[in-house]
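K.L.:
Just so we're aligned, residue 1 is where the sequence shown starts under full-length UniProt numbering, counting upward by one.
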Amino acid sequence: MISHGLQKKALSACQAWRLLSSICIHGICFSLGMVGSFIVALLRLVVGEAEDCPGAEFLEGYVTHARSHEASHAFKYPVRMALVDLDAPPPWWPEEPVPRLSAKEVREALGVASGRVRVLTTPSSAGYHQNPIQIYFCGDEKVHSHGICEVTNTPWNHHVFFAFDRAGAELPKPLHVSPLM
1 MISHGLQKKA LSACQAWRLL SSICIHGICF SLGMVGSFIV ALLRLVVGEA
51 EDCPGAEFLE GYVTHARSHE ASHAFKYPVR MALVDLDAPP PWWPEEPVPR
101 LSAKEVREAL GVASGRVRVL TTPSSAGYHQ NPIQIYFCGD EKVHSHGICE
151 VTNTPWNHHV FFAFDRAGAE LPKPLHVSPL M
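1. Have a look at G168 and L110 and give me their C-alpha separation to the nearest angstrom.
2. Given that a residue counts as buried once 16 or more other Cβ atoms are within 10 Å of its Cβ, and exposed if not, what is V98?
3. Rounded to whole angstroms, what's the CA-CA distance from V47 to E57? Just pull it up for me.
4. Would you report the Cα separation of L86 and L101, rounded to the nearest angstrom?
5. Tell me R67's beta-bridge partners as DSSP assigns them.
6. Expressed to the nearest angstrom, what Euclidean distance is found between the alpha-carbon atoms of I133 and E150?
7. At a Cβ threshold of 9 Å, is A13 touching chain D?
8. How many Å lie between A16 and K9 at the Cα?
9. Helix, strand or coil for H4 per DSSP?
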């Protein structure tokens, strides 16, 4: 008969082995997935064909911020965002892990019966998502007459929605948003 102390040691060794093997297997799978994604990206660069993505436009720009009262802070960094057509979204859109408003919800919130609805957003990447602002636009092809800004103060995960139209408006600041933390 095996002693109780020996059984505990054997059980601990088995648990440690299972944990270590699970970490190794997941690490290998993750590494292979990253290598595969890297190879696909390199092939796209070499072949030079743009990927057709109906329902989305990809945009590049800059976020700038300056604060001059109390202390002086400023920064500027590049961003890439997607302008997604919520009436005819791209195939990958339903897989986004972040809840967003639908085209119907935007129209209802704005009191608009029709008009194309698009959202300017930062899609998640490699399972990571940080999107301090999403802007929903509603209108025709050339003029977006109405919209909703969804502002998130990322560390605290509070969301506030602001409706706007082309005429503009001043709105209260109901939550703390600071890119300088």
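Beta carbons are placed, not taken as given, at the ideal position from N, Cα and C, and that holds for glycine.
All values reported here derive from a predicted model rather than from experimental measurement.
P.N.:
To lay it out plainly:
1. For the purposes of this step, residue 168 is taken as residue 168 along the sequence shown, with counting starting at 1. For the purposes of this step, residue 110 is taken as residue 110 along the sequence shown, with counting starting at 1. Going by the C-alpha atoms only, they are around 14 Å apart.
2. On the sequence shown, position 98 is the one that residue 98 refers to. With fewer than 16 other Cβ atoms within 10 Å, it is exposed.
3. Position 47 of the sequence shown holds residue 47. Position 57 of the sequence shown holds residue 57. Spanning the two alpha carbons is a distance of roughly 21 Å.
4. Sequence index remark: in the sequence shown, residue 86 carries index 86 (1-based). Sequence index remark: in the sequence shown, residue 101 carries index 101 (1-based). So the two alpha carbons sit approximately 9 Å from each other.
5. Residue 67 sits at position 67 when you count from the first residue of the sequence shown. Answer by DSSP bridge pairing, in chain order: H73.
6. Along the sequence shown, read from residue 1 onward, the residue named residue 133 stands at position 133. Along the sequence shown, read from residue 1 onward, the residue named residue 150 stands at position 150. Spanning the two alpha carbons is a distance of roughly 6 Å.
7. The structure shown contains no chain D; it is built from a single protein chain.
8. Here residue 16 is taken as the residue at index 16 of the sequence shown, counted from 1. Here residue 9 is taken as the residue at index 9 of the sequence shown, counted from 1. The alpha-carbon atoms of A16 and K9 are separated by roughly 10 Å.
9. The residue you call residue 4 lines up with position 4 of the sequence shown. Here H4 sits in helix by DSSP.
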